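Asker:
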Amino acid sequence: MAAELTAPELIAKHRHTLDQALEAIRTRAYWSPHPEHPKAYGEHGSLDAAAGKAAFDALLGTRLDLGQAGTDDWVGGEISPYGIELGVSYPHADLDVLLPAMKAGQPAWRDAGAEVRAVVCLEILKRISDRTHEFAHAVMHTSGQAFLMAFQAGGPHAQDRGLEAVAYAYAEQVRTPESAEWSKPQGKRDPLVLTKNFTPVPRGIGLVIGCNTFPTWNGYPGLFASLATGNAVLVKPHPRAVLPLALTVRIAREVLTEAGFAADLVALAAERPGEGIAKALATRPEIRIIDYTGSTSFGDWLEANARQAQVYTEKAGVNTVIVHSTDDYKGMLSNLAFSLSLYSGQMCTTPQNLLIPREGILTDQGPKTFDEVTADLARAVDGLLGDDARANALLGAIVNPDVKARLEAAAGLGEVALASREISNPEFPGAVVRTPVIVKLDGAKPDAEAAYMSECFGPVSFAVALDSVTDAVELLRRTVREKGAMTVGAYTTDSEVERAIEEVCLEEAAQLSFNLTGGVFVNQTAAFSDFHGSGGNPAANAALCDGAFVANRFRVVEVRHQG
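Okay, so the sequence shown: first residue is 0 according to numbering that gives the first Met the number 0, each after it adds one.
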């Protein structure tokens, strides 16, 4: 069957966007082709708010048939953190049938070349972008994010990260020319002449192991990095967050088919309740690349046991903020309150430990004791979340019972500076919504260390009193080295303290933000400019995105011809 989307058409349509993305990763300047505002959608084929909601509603209770090879059953069972039963069923795969079908499509995909692969990926992203409103509801009702966050983080921000991965993948593949004429002089004899051809070849099938909290944002970088470098991709979603990635797979398969490639280059691996197929999948010889976001224990297991694959992990860390001094006390408190509250702290970048000198800090409002700082921060969070409607829009819903259990247990670990409270959601009575808890700990007491040196994922933070800022800097170093950190924040007006904190983060490879008091928060990163993780501390062995994230997904094979 002839391709409905030809390579020249796709290149003409998307090459300019690819060039802009390449320029953005070079300059690190702000750029995004995906609008953040919901009202920007509804023209040029994209779904507006009403159409997107209708498209999501139409999915509920249906069978999402992807037409992929090896389907032997239908599975499902997602229940929204907002209390809605989705009722969507997905194909369950016989891997002994599906994986060979996926592999069979790779030669033609490899031979298409880096540019064609890139623009096909951009067409997939464009169609996903057109359905951002639909995806927003799918992300909201699988992750528990509030709608606007699900719209932005699950939509344009995720799409940006996917495009960023494509740009890095393309740049690394074209670093080597497709061909070269080689001539070595031999004095009076004829030169030695060779024609050399260089082809980026895929490692094999990539496996994306999705997470519950950010299925698209964390899933798209690995998916598009592997696909753009010539690999087939098998997507194994988290059992509670299948729908957003299943929709992604369906769109990818449609585009691949229209472009004349095998649809099974992208496939879904949904699982039966309790089946736990990730370990079996991860160690199959056909799987040569793994992208994983989730717990440290399983990430460590993958790194140790999936020896046949190149493994990229984003695991857990203990994110730290040092509070030493500030010239904008109100702005600091406001910024921290938002950072602690957003999505009920269910982000891998949310601050957990606030390290504060015991004698207090200097501010533009005069000296503040440790107790005053923690009390003022508690009031700032209370003020931010005092209105229930605003609180629901920021907090979303607790994603699973484990987060709720950790939140409830945290109050027993020390003196509570801010107690968590329950909030009702009139639109979704089944949602579990809780405000953050802030617990004060004495850093000099050994029994406190067990709390602040362990990740407590969710709306839990510890205000840790330390004897000096020097002690805080050393605790920061030990925390990053032993436990890892996706983010580090610091507030100081002292240049020497700033240099000391920066040196620790450079040595321990932790991403650092100083003195954030406005509309940029430590737990947010911008694609094309900010690196998410560094790959240099235990929280993650890769960064989103850099050259290292894509370069080992392919190998360059050389073919030489004499004469």
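Beta carbons are placed, not taken as given, at the ideal position from N, Cα and C, and that holds for glycine. The structure displayed is predicted, hence computed values, not measured ones.
#1: Roughly how many whole angstroms lie between the Cα atoms of residue 0 and residue 261?
#2: If we require 4 or more residues per run, which alpha helix (DSSP H) segments fall completely within the segment 269-344?
#3: Starting from the N-terminal side, write out each stretch of the alpha helix (DSSP H) that is 4 residues or longer and does not extend beyond the segment 136-203.
#4: Where does the unbroken beta strand (DSSP E) through residue 217 begin, and where does it stop?
#5: For residue 325, does the count of other Cβ atoms within 10 angstroms reach 16, so buried, or fall short, so exposed?
#6: Rounded to a whole number of angstroms, what is the C-alpha to C-alpha distance between residue 276 and residue 270?
#7: By DSSP's criteria, residue 207 is part of a beta bridge. Which residues make up the other side?
#8: In whole angstroms, give me the CA-to-CA distance for residue 216 and residue 562.
#9: Under a three-way DSSP split, which group does residue 0 fall into?
#10: Since residue 519 and residue 457 are thought to touch, with beta carbons under 8 Å apart, how far apart are those beta carbons, to the nearest angstrom?
#11: Compute the distance between the beta-carbons of residue 89 and residue 245, then report whether it is under 9 Å.
#12: So, at 6 Å on beta carbons, what are the nonlocal neighbours of residue 44 in its own chain, with the 5 sequence-adjacent residues on each side left out?
#13: Could you tell me how far apart the beta carbons of residue 63 and residue 249 are, in whole angstroms, since I believe they sit closer than 8 Å?
#14: According to the neighbour-count rule (16 or more other Cβ atoms, all chains shown, within 10 Å of its Cβ), is residue 132 buried or exposed?
#15: So, does the segment 141-157 touch the segment 32-43, judging by three or more C-beta pairs under 8 Å?
#16: Mind checking whether the beta-carbon of residue 489 lies closer than 8 Å to any heavy atom of the ligand ZN?
#17: Please state whether the Cβ-Cβ distance between residue 81 and residue 429 is less than 9 Å.
#18: Could you tell me whether the segment 477-493 touches the segment 433-443, where touching means 3 or more Cβ pairs closer than 8 Å?
#19: Got a sec? Which residues, its chain only, sit under 8 Å from residue 297 by beta carbon, not counting five neighbours each side?
#20: For residue 338, which residues from the same chain have a beta carbon less than 7 Å from its beta carbon, with the 5 sequence-adjacent residues on both sides left out?
#21: Taking only the alpha-carbon atoms, compute the straight-line gap between residue 328 and residue 366 and give it to the nearest angstrom.
#22: Just to confirm the assignment, what range does the alpha helix (DSSP H) spanning residue 90 have?
#23: Put residue 348 into one of helix, strand or coil per three-state DSSP.
#24: For the alpha helix (DSSP H) holding residue 15, just list the boundary residues, first then last.
#25: Give the DSSP-derived three-state secondary structure of residue 360 in the structure shown.
#26: Helix, strand or coil: which one does DSSP assign to residue 248?
#27: Provide the residue span of the alpha helix (DSSP H) that contains residue 125, from first to last.
#28: Roughly how many angstroms lie between the CA atoms of residue 336 and residue 476, to the nearest whole one?
#29: What is the DSSP secondary structure of residue 546, counted as helix, strand or coil?
#30: Just to confirm the assignment, what range does the beta strand (DSSP E) spanning residue 480 have?
#31: Could you give the DSSP three-state label for residue 557: helix, strand or coil?
#32: Buried or exposed for residue 193, going by 16 or more other Cβ atoms inside 10 Å?
#33: With contact counted as at least three CB pairs below 8 Å, one residue from each stretch, are the segment 68-85 and the segment 192-206 in contact?
#34: Anyone know if the C-beta pair for residue 554 and residue 199 falls short of 9 Å?
#35: Give the straight-line distance between the Cα atoms of residue 369 and residue 375, rounded to the nearest whole angstrom.
Answerer: According to the structure shown:
#1: By one-based count along the sequence shown, residue 0 stands at place 1. By one-based count along the sequence shown, residue 261 stands at place 262. Reliability of the predicted coordinates at residue 0 is poor, the pLDDT of 48 falling under 50, and the value obtained from them is presented with this limitation in mind. Going from the Cα of residue 0 to the Cα of residue 261 covers about 11 Å.
#2: 277-281, 295-304, 328-340
#3: You should have 146-153, 155-172.
#4: On the sequence shown, residue 217 is found 218 positions in, with the first residue counted as 1. No beta strand (DSSP E) contains residue 217, which is instead part of the alpha helix (DSSP H) from 214-227.
#5: Along the sequence shown, one-based indexing puts residue 325 at 326. With 16 or more other Cβ atoms from the protein chains shown falling within 10 Å of its own Cβ, residue 325 counts as buried.
#6: Here residue 276 refers to the residue found at position 277 of the sequence shown. Here residue 270 refers to the residue found at position 271 of the sequence shown. Each residue's Cα considered, the two are about 7 Å apart.
#7: Against the sequence shown, residue 207 aligns to sequence position 208. Residue 207 is bridged to 234, 290.
#8: Position 217 of the sequence shown, counting from 1, holds the residue named residue 216. Position 563 of the sequence shown, counting from 1, holds the residue named residue 562. About 50 Å.
#9: On the sequence shown, position 1 is the one that residue 0 refers to. Per-residue confidence for residue 0 stands at a pLDDT of 48, beneath the threshold of 50, marking its modelled position as unreliable; the derived number appears in the next sentence. Coil, per DSSP.
#10: Within the sequence shown, residue 519 is the residue found at index 520, counting from 1. Within the sequence shown, residue 457 is the residue found at index 458, counting from 1. Going by Cβ atoms, the distance from residue 519 to residue 457 rounds to 23 Å, so no, they are not a contact pair.
#11: The residue labelled residue 89 in the question sits at position 90 within the sequence shown. The residue labelled residue 245 in the question sits at position 246 within the sequence shown. Cβ atoms of residue 89 and residue 245: closer than 9 Å.
#12: Against the sequence shown, residue 44 aligns to sequence position 45. Around residue 44: 129.
#13: Stepping through the sequence shown from its first residue, residue 63 is reached at position 64. Stepping through the sequence shown from its first residue, residue 249 is reached at position 250. Rounded, the Cβ-Cβ distance is 7 Å, consistent with contact.
#14: For the purposes of this step, residue 132 is identified with residue 133 of the sequence shown, where counting begins at 1. Classification of residue 132: buried, given that the 10 Å Cβ count is 16 or more.
#15: yes
#16: Questions concerning the ligand ZN fall outside what the structure shown contains, since it holds no ligand whatsoever.
#17: Working through the sequence shown from its first residue, we reach residue 81 at position 82. Working through the sequence shown from its first residue, we reach residue 429 at position 430. Against a cut-off of 9 Å, the Cβ pair of residue 429 and residue 81 comes out as a contact.
#18: no
#19: Counting from 1 along the sequence shown, the entry for residue 297 is found at position 298. Within the same chain, residue 297 has close Cβ partners 277, 291.
#20: The sequence position of residue 338 within the sequence shown is 339, counting from 1. Counting only Cβ-Cβ distances below 7 Å, and skipping sequence neighbours, we find 349, 350, 520, 521, 522.
#21: On the sequence shown, position 329 is the one that residue 328 refers to. On the sequence shown, position 367 is the one that residue 366 refers to. For residue 328 and residue 366, the distance between alpha carbons rounds to 10 Å.
#22: Taking the first residue of the sequence shown as 1, we reach residue 90 at position 91. Premise fails: residue 90 lies in the beta strand (DSSP E), 88-92, not in any alpha helix (DSSP H).
#23: What you label residue 348 is simply residue 349 of the sequence shown in a count that begins at 1. Here residue 348 sits in coil by DSSP.
#24: One-based indexing of the sequence shown puts residue 15 at position 16. First-last of the alpha helix (DSSP H) with residue 15: 6-26.
#25: Along the sequence shown, one-based indexing puts residue 360 at 361. If DSSP states are grouped into helix, strand and coil, residue 360 belongs with the strands.
#26: Counted from its first residue, the sequence shown places residue 248 at position 249. Judged by DSSP in its simplified three-state form, residue 248 adopts helix.
#27: Residue 125 sits at position 126 when you count from the first residue of the sequence shown. That run of the alpha helix (DSSP H) goes 113-129.
#28: Here residue 336 refers to the residue found at position 337 of the sequence shown. Here residue 476 refers to the residue found at position 477 of the sequence shown. One C-alpha to the other measures close to 24 Å.
#29: Position 547 of the sequence shown, counted from the first residue, corresponds to residue 546. Reduced to three states, the DSSP call for residue 546 is helix.
#30: Residue numbering aside, residue 480 sits at position 481 when the sequence shown is read from its first letter. Taken as a continuous stretch (DSSP letters only), residue 480 belongs to no beta strand (DSSP E), being part of the alpha helix (DSSP H) at 468-482.
#31: On the sequence shown, position 558 is the one that residue 557 refers to. Three-state DSSP puts residue 557 in a strand.
#32: On the sequence shown, position 194 is the one that residue 193 refers to. Under this definition residue 193 is an exposed residue.
#33: no
#34: As a first step, residue 554 must be located in the sequence shown, where it is residue number 555. As a first step, residue 199 must be located in the sequence shown, where it is residue number 200. Yes; because the gap between Cβ atoms is below 9 Å, this pair is in contact.
#35: By one-based count along the sequence shown, residue 369 stands at place 370. By one-based count along the sequence shown, residue 375 stands at place 376. Residue 369 and residue 375: Cα-Cα distance of roughly 10 Å.
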